[in-house]
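Asker: Numbering-wise, the numbering used here puts 34 at position 34 of the sequence shown, and it's gapless, one number per residue. Where is the CB? At the ideal position from N, CA and C, for every residue including glycine. Keep in mind the model is a prediction, meaning the values are calculated, not measured.
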Amino acid sequence: MSDEIHLLVTLNAGYLAPLKVMLYSVHANNPGERIHLWLVHASLTAAEVASVRQLTAAFGWELSAERVTTDFMAGVPLIKRYPPEMYFRLLSGQILPPTVKRVIYLDPDLLVINSLRPLWTLDLDGHMLAAAVHRGVTKLVDSVNHLRLGTTTSYFNSGVLVIDLVQARAKITRSDITQAIEQHESELILPDQDILNFLYGLEILEIPEEIWNYDTRKYLVYQTRSLNQHDIHWVMANTAILHYCGTPKPWVPGSDSKFTGLFLHYQQQVHRLTAALGQAPAEF
């Protein structure tokens, strides 16, 4: 495994501002790491990509921006209220060069507050992917999704993924995704996540959500499940990734959760850094 950590993000301009906050949190809490960021998109302007490049250059990272052509997207039917970028994480094996063997995919609406190194070096034990499950206090969500999608595995969240790209290139195809969407469109709630579970659930290694995909809405649930061991002190010492699932997002004025203040702190640091770099403040 390469010492350099390869990160993947896929988004449109609507999530550019929170992406910069997420990237800052990675930089702040992974000192000394060599990081290569793969920015996969369909519609960012040259100026928008340049604003991310200026930030990653300040971190000492390498950035590769991959614009996905309309020809590539043509084989994937889209559900209108969702952007095409949501499918790029599944198709990253076809998008990224074959020299890249593994990536960590990260949603832009999260913070990284501890080291990513253990996730990067995770033994996938033959699996194509690694992901976490947001279960709540019970496993009821698994049972509901077994009925809805006809799956037998747990229901994995697609916001944080480790992807073995060698396997992905061999096993994940546009035609399979296209066919699944066409056949099951009426049952899909979160299309890319549902497709991930429906087609590839058996290929996924489960990783602890409390560490790698902590749902910031569920602080009391995690406390209850852990018999009050996973308090805020435990989270700050042990959790690596905080995921701001659902709404309101922490950058929205109406948000006032336990973890809103932490996001606003990193947002403020980004504003200071981008101002020093001569960028206009990011618009949320």
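Note down, in chain order, each residue of its chain lying with its Cβ closer than 7 Å to the Cβ of residue 78, except the 5 sequence neighbours on either side.
Answerer: Here the set comprises 84.
Asker: Using only the alpha-carbon positions, how far apart do residue 218 and residue 244 sit?
Answerer: Each residue's alpha carbon lies about 10 Å from the other.
Asker: Name, in chain order, the residues that DSSP records as bridge partners for residue 215.
Answerer: Answer is 243.
Asker: Beta carbon of residue 110, beta carbon of residue 22: below 8 Å?
Answerer: In this structure, residue 22 lies closer than 8 Å to residue 110 by Cβ.
Asker: Can you list, in chain order, the stretches of the alpha helix (DSSP H) that have 4 or more residues and sit fully within the stretch 91-141?
Answerer: With a minimum length of 4 residues, the continuous alpha helix (DSSP H) runs that stay inside the stretch 91-141 are 92-95 and 117-120.
Asker: Going by DSSP in three states, residue 265 sits in which element: helix, strand or coil?
Answerer: Helix, per DSSP.
Asker: Who are residue 36's beta bridge partners in DSSP?
Answerer: Its beta-bridge partners are 6 and 62.
Asker: Report yes or no: do three or more beta-carbon pairs, one from the stretch 106-124 and one from the stretch 42-50, lie closer than 8 Å?
Answerer: Counting Cβ pairs under 8 Å, fewer than three are found: no touch.
Asker: Name the DSSP beta bridge partners of residue 53, please?
Answerer: According to DSSP, which records beta bridges pairwise, residue 53 is partnered with nothing at all.
Asker: Suppose you measure from the CA of residue 199 to the CA of residue 279; what does that come to, to the nearest Å?
Answerer: Distance between the alpha carbons of residue 199 and residue 279 is about 42 Å.
Asker: Below 7 Å CB to CB, which residues in the same chain sit around residue 176 once its five sequence neighbours on both sides are set aside?
Answerer: So the qualifying residues of the chain are 199.
Asker: Counting only runs of 3+ residues fully inside the stretch 191-235, write out the beta strand (DSSP E) ranges in chain order.
Answerer: Runs of the beta strand (DSSP E) inside the stretch 191-235: 204-206.
Asker: Put residue 278 into one of helix, strand or coil per three-state DSSP.
Answerer: If DSSP states are grouped into helix, strand and coil, residue 278 belongs with coil.
Asker: Does DSSP put residue 67 in a helix, in a strand, or in coil?
Answerer: In the structure shown, residue 67 sits in a strand (DSSP, three-state: E or B).
Asker: Quick check on this structure: which residue in 10, 221 and 155 has the alpha carbon closest to the alpha carbon of residue 189?
Answerer: That would be 155, whose Cα lies nearest to the Cα of residue 189.
Asker: Smallest Cα separation from residue 106: which of 121, 37 and 229?
Answerer: The shortest Cα separation from residue 106 among 121, 37 and 229 belongs to 37.
Asker: Which same chain residues, not among the five before or five after residue 277, have their C-beta less than 6 Å away from its C-beta?
Answerer: So the list reads 54, once near-sequence residues are dropped.
Asker: With a 10 Å radius around its C-beta and 16 neighbouring C-beta atoms as the bar for buried, classify residue 267 as buried or exposed.
Answerer: Result: buried.
Asker: Among the residues of its own chain, which have a CB less than 6 Å from the CB of residue 255, if the five just before and after it don't count?
Answerer: Excluding positions up to five away in sequence, the list reads 248.
Asker: Among 42, 253 and 204, whose alpha-carbon lies nearest the alpha-carbon of residue 129?
Answerer: When only C-alpha atoms are compared, the closest one is 204.
Asker: Short of 6 Å in beta carbon distance, which residues of its chain neighbour residue 281, apart from the five on each side in sequence? Order them along the chain.
Answerer: Here the set comprises 271.
Asker: Is it buried or exposed, residue 20, if we count other Cβ atoms within 10 angstroms and call 16 or more buried?
Answerer: Buried, because 16 or more other Cβ atoms sit within 10 Å of the Cβ of residue 20.
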